[in-house]
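A.B. asks:
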Amino acid sequence: MAEEAMFDFIHMEAVSYVFQGGEKISEDEAISKLEHMGFATGYRLVERLTRESGRYKDELDIMKYICKDLWVTVYKKQIDNLRTNHQGVYVLHDNRFRFLSHMAAGKQYLQYAPRYLAFTCGLVRGCLANLGVTCVVTAEVTQLPACKFQIQVQRG
Amino acid sequence: MSRQSMRANDPKKVSGELFTLTYGSLVAQLLKDYENVDDVNRQLERMGYNIGMRLIEDFLARANPAFKLYLGVSPSIGSWSPGGDEFSVVLETNPMAEFVELPDHCLGLRYSNIMAGVIRGACEMVQLEVMAWFIADQLKGDNVTEIRVKFVKRLEDAIPAGED
Amino acid sequence: MTTLMYKFHQINLYILTDKMTVHSLYILSKSGGLIYQHDHNIPTVEHEKTFSYPLEVKLEVQNRNIVVSYGQRDGIKVGHTLMAVNGMKVTGQQLEDGRDAMLASMFYPLYALACQLSPEQRSSGIEILEADNFRMNCFQTLTGVKFMVISDVKQTGIDNLLHRVYEIYSDFALKNPFYSLEMPIRCELFDEHLKSALEQAERLGISNI
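Protein chains in written order, with numbering that gives the first Met the number 0: chain C, 0 to 155; chain E, 0 to 163; chain H, 0 to 208.
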């Protein structure tokens, strides 16, 4: 409960740091810094999380792991809905995303919401990268505190 | 989606690690952004200060022992100065720095400096101006992590009536 | 009310019979600024009666609302609040803009004065202020934020409500990155949680009697 508050606050400070930080940087640059921090965190985190778990059968199995175990660890709930086109695109719906849940219910602050999703996009990309899946992760929000993350797997 | 049981992992431990790793990524980003390690130390302290000012209300609204609650470890308090205006917060283990090893080029980095900021911010909200700084750090080979807290003054103007 | 009587021959009064409510809530920052204000009045039990002119009940303005002052009948009692006339909502007397802020800022030195008046050292400020028609409870946190609730004298459980509001403040104002300390709280989610806490306090307050 309380350790969760620390995580929320540190994330909040990270966001406000990149957007109000000393040197003037563009929105894109700031978003990419957050994404990068998320990536570094996710890459290391999954290493520790998967210590005891067995091998994953396939890509879908990995996605299910992200939606359940990883999400519960980081965001205290499971992803509410996972969809895929079976061609490497996965869409994860979270109806009550942790970083948005203290913020608003509806359209208030909608324009700034993407700033609070960038870290998570990176976190997911980092986890997947360490599990051997190269991908691009984007996020979308139309109504807080719900949002969706789209994972596009890059086949090499 | 079916609600199956989680894989065996101590969720409490892992969520502590999550915080530790996130903090690590933040410090790494700061090191990249600033050339000077002192600037990083300052920035970390400032972030802690911002957190402390908000965290104190969370703590008071629920009334629980703070360090234990927010970091998962209980520090000991000691080494009071003769004047009684200075003391140390000693952590046997520092969960924030659990996976950290300082590289040679940033030995001047006070890695957990955010903690000093949190203490300063939280005290200021209860009308105490304090200074808080690290005097021992396990990352630098010390046996314990020790933060020294010095009372500067009561913020008289800010004291709410009836709270002397 | 005389103007109303001339206008309508048949008057349909919508009367709130249960007056036990929390009227309003104020939050003062540590420097004494009004950072939040909420007027709350949710009817619990209602009566709808059709009268013909002249009215058999007398109404008067009391404590911002229009209440029945004379003519107890058909379940309508003295002290009940008039909510609507012929489908038009009666909002009672609202304070003009800025007056709330003024009242709140007047309370601030009053609170400090109470500490000075105390014969004992280290007394708190005003915690409860009670009048015939309302009661004001004030809770000051260690950081100096004041939460004030104005309620009906019969309302119970205000202490719990005040602590709950403090929790909501720490969860939905302070954990909201868009909220800056000491500034007015304009977060919709905060509003929502606050309203449900007030409604819950009213429900519990009633069942306690």
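Glycine included, C-beta positions come from ideal geometry on N, C-alpha and C. Nothing here was measured: the structure is a model prediction, and the numbers come from that model.
On the DSSP bridge list, what partners appear for residue 28 (chain C)?
C.D. replies: The residue labelled residue 28 (chain C) in the question sits at position 29 within the first sequence. Per DSSP, none; premise fails for residue 28 (chain C).
A.B. asks: If you draw a straight line from the C-alpha of residue 154 (chain H) to the C-alpha of residue 191 (chain H), how long is it?
C.D. replies: Taking the third sequence and counting its residues from 1, one reaches residue 154 (chain H) at position 155. Taking the third sequence and counting its residues from 1, one reaches residue 191 (chain H) at position 192. Spanning the two alpha carbons is a distance of roughly 21 Å.
A.B. asks: Near residue 170 (chain C), which residues of its chain fall below 6 Å by C-beta distance, leaving aside the five closest residues on each side in sequence?
C.D. replies: In the structure displayed, chain C extends from 0 to 155; residue 170 (chain C) sits before or after that span and is not available.
A.B. asks: Residues in its own chain within less than 7 Å of residue 94 (chain H) by CB, not counting five upstream and five downstream?
C.D. replies: One-based indexing of the third sequence puts residue 94 (chain H) at position 95. Reliability of the predicted coordinates at residue 94 (chain H) is poor, the pLDDT of 45 falling under 50, and the value obtained from them is presented with this limitation in mind. Closer than 7 Å at the Cβ level, and outside the excluded window around residue 94 (chain H), lies no residue.
A.B. asks: Return helix, strand or coil for residue 84 (chain E), following the three-state DSSP convention.
C.D. replies: The sequence position of residue 84 (chain E) within the second sequence is 85, counting from 1. Note: residue 84 (chain E) maps to coil in three-state DSSP.
A.B. asks: May I ask you to verify whether the region 51-70 of chain C touches the region 125-133 of chain C, counting CB pairs closer than 8 Å and requiring at least 3?
C.D. replies: With the cut-off at 8 Å, the region 51-70 of chain C and the region 125-133 of chain C touch.
A.B. asks: Would you call the region 103-116 of chain E and the region 39-59 of chain E in contact, with 3 or more CB pairs under 8 Å?
C.D. replies: Because the criterion of three Cβ pairs below 8 Å is met, the region 103-116 of chain E and the region 39-59 of chain E touch.
A.B. asks: Check for me: the beta strand (DSSP E) holding residue 36 (chain H) runs from which residue to which?
C.D. replies: Counted from its first residue, the third sequence places residue 36 (chain H) at position 37. Unbroken beta strand (DSSP E) run through residue 36 (chain H): 33-38.
A.B. asks: Within 10 angstroms of the Cβ of residue 147 (chain H), are there 16 or more other Cβ atoms? Answer buried if so, exposed if not.
C.D. replies: Walking along the third sequence from the start, residue 147 (chain H) turns up at place 148. Classification for residue 147 (chain H): buried.
A.B. asks: Assign residue 130 (chain H) to buried or exposed, taking buried as 16 or more other Cβ atoms, counted over all protein chains shown, within 10 Å of its Cβ.
C.D. replies: The residue given as residue 130 (chain H) occupies position 131 in the third sequence. So residue 130 (chain H) ends up on the exposed side.
A.B. asks: Per DSSP, residue 117 (chain E) is paired with what?
C.D. replies: Numbered from its first residue, the second sequence carries residue 117 (chain E) at position 118. For residue 117 (chain E), which the question treats as bridged, DSSP gives no partner whatsoever.
A.B. asks: Pull the bridge partners of residue 93 (chain C) from the DSSP assignment, please.
C.D. replies: Here residue 93 (chain C) refers to the residue found at position 94 of the first sequence. Answer is C:146.
A.B. asks: Could you list which residues in chain H have their beta carbon closer than 8 Å to that of residue 56 (chain E), in chain order?
C.D. replies: Here the question's residue 56 (chain E) lines up with position 57 in the second sequence. Within 8 Å Cβ-Cβ: 140, 142, 144, 165, 168, 169, 173.
A.B. asks: How close, in whole Å, do the beta carbons of residue 78 (chain H) and residue 66 (chain H) come, if the pair is a contact with beta carbons under 8 Å?
C.D. replies: Counting from 1 along the third sequence, the entry for residue 78 (chain H) is found at position 79. Counting from 1 along the third sequence, the entry for residue 66 (chain H) is found at position 67. Indeed they touch by this definition, with Cβ atoms about 6 Å apart.
A.B. asks: Check the C-beta distance from residue 183 (chain H) over to residue 69 (chain H) and give it rounded, since I have them as a contact under 8 Å.
C.D. replies: On the third sequence, position 184 is the one that residue 183 (chain H) refers to. On the third sequence, position 70 is the one that residue 69 (chain H) refers to. Not a contact, Cβ separation roughly 42 Å.
A.B. asks: Output, in chain order, the set of chain E residues within a Cβ distance shorter than 7 Å of residue 73 (chain C).
C.D. replies: Your numbering for residue 73 (chain C) matches position 74 in the first sequence. Those within 7 Å of residue 73 (chain C) in chain E are 17.
A.B. asks: Listing by chain order, which chain C residues have their CB less than 9 Å from the CB of residue 50 (chain E)?
C.D. replies: For the purposes of this step, residue 50 (chain E) is taken as the residue at position 51 of the second sequence. Here the neighbours are 5, 8, 9, 11, 12.
A.B. asks: Is there a C-beta anywhere in chain C that falls below 8 Å from the one on residue 188 (chain H)?
C.D. replies: Walking along the third sequence from the start, residue 188 (chain H) turns up at place 189. Closer than 8 Å: yes.
A.B. asks: Should residue 48 (chain C) and residue 69 (chain C) be called a contact, given that it needs their Cβ atoms to be closer than 8 Å?
C.D. replies: On the first sequence, position 49 is the one that residue 48 (chain C) refers to. On the first sequence, position 70 is the one that residue 69 (chain C) refers to. In this structure, residue 69 (chain C) lies closer than 8 Å to residue 48 (chain C) by Cβ.
A.B. asks: In whole angstroms, give me the CA-to-CA distance for residue 139 (chain C) and residue 56 (chain H).
C.D. replies: As a first step, residue 139 (chain C) must be located in the first sequence, where it is residue number 140. As a first step, residue 56 (chain H) must be located in the third sequence, where it is residue number 57. Their backbone Cα atoms lie some 59 Å apart in a straight line.
A.B. asks: Can you list the residues of chain A that residue 125 (chain E) reaches, using a CB-CB cut of under 8 Å?
C.D. replies: Included in the structure are the protein chains C, E and H, with no chain A among them.
A.B. asks: Express the C-alpha separation of residue 103 (chain E) and residue 36 (chain E) in angstroms, rounding to a whole number.
C.D. replies: Counting from one through the second sequence, the residue named residue 36 (chain E) turns up at place 37. Counting from one through the second sequence, the residue named residue 103 (chain E) turns up at place 104. In a straight line, the C-alpha of residue 36 (chain E) is about 12 Å away from that of residue 103 (chain E).
A.B. asks: Quick one: list the residues of chain C neighbouring residue 176 (chain H), beta-carbon separation under 8 Å, in chain order.
C.D. replies: Within the third sequence, the letter at position 177 stands for residue 176 (chain H). Within chain C, the residues near residue 176 (chain H) are 11, 14, 15, 102, 115.
A.B. asks: Report yes or no: is there a C-beta of chain C within less than 8 Å of the C-beta of residue 126 (chain H)?
C.D. replies: Here residue 126 (chain H) is taken as the residue at index 127 of the third sequence, counted from 1. No, its Cβ sits nowhere closer than 8 Å to a Cβ of chain C.
A.B. asks: Identify the continuous beta strand (DSSP E) that holds residue 63 (chain C) and give its terminal residues.
C.D. replies: The residue given as residue 63 (chain C) occupies position 64 in the first sequence. Premise fails: residue 63 (chain C) lies in the alpha helix (DSSP H), 58-64, not in any beta strand (DSSP E).
A.B. asks: May I have the straight-line CA-CA distance separating residue 102 (chain C) from residue 95 (chain E), to the nearest angstrom?
C.D. replies: On the first sequence, residue 102 (chain C) is found 103 positions in, with the first residue counted as 1. On the second sequence, residue 95 (chain E) is found 96 positions in, with the first residue counted as 1. Roughly 27 Å between the two C-alpha positions.
A.B. asks: Output, in chain order, the set of chain H residues within a Cβ distance shorter than 7 Å of residue 105 (chain C).
C.D. replies: Position 106 of the first sequence holds residue 105 (chain C). Chain H residues near residue 105 (chain C): 187.
A.B. asks: Among E:98, E:58, E:82, which residue has its Cα nearest to the Cα of residue 15 (chain E)?
C.D. replies: On the second sequence, position 16 is the one that residue 15 (chain E) refers to. Closest option to residue 15 (chain E), Cα to Cα, is E:98.
A.B. asks: Using beta-carbon positions only, say whether residue 131 (chain E) and residue 148 (chain E) come within less than 8 Å of one another.
C.D. replies: Counting from one through the second sequence, the residue named residue 131 (chain E) turns up at place 132. Counting from one through the second sequence, the residue named residue 148 (chain E) turns up at place 149. Yes, the Cβ-Cβ distance between residue 131 (chain E) and residue 148 (chain E) is below 8 Å.
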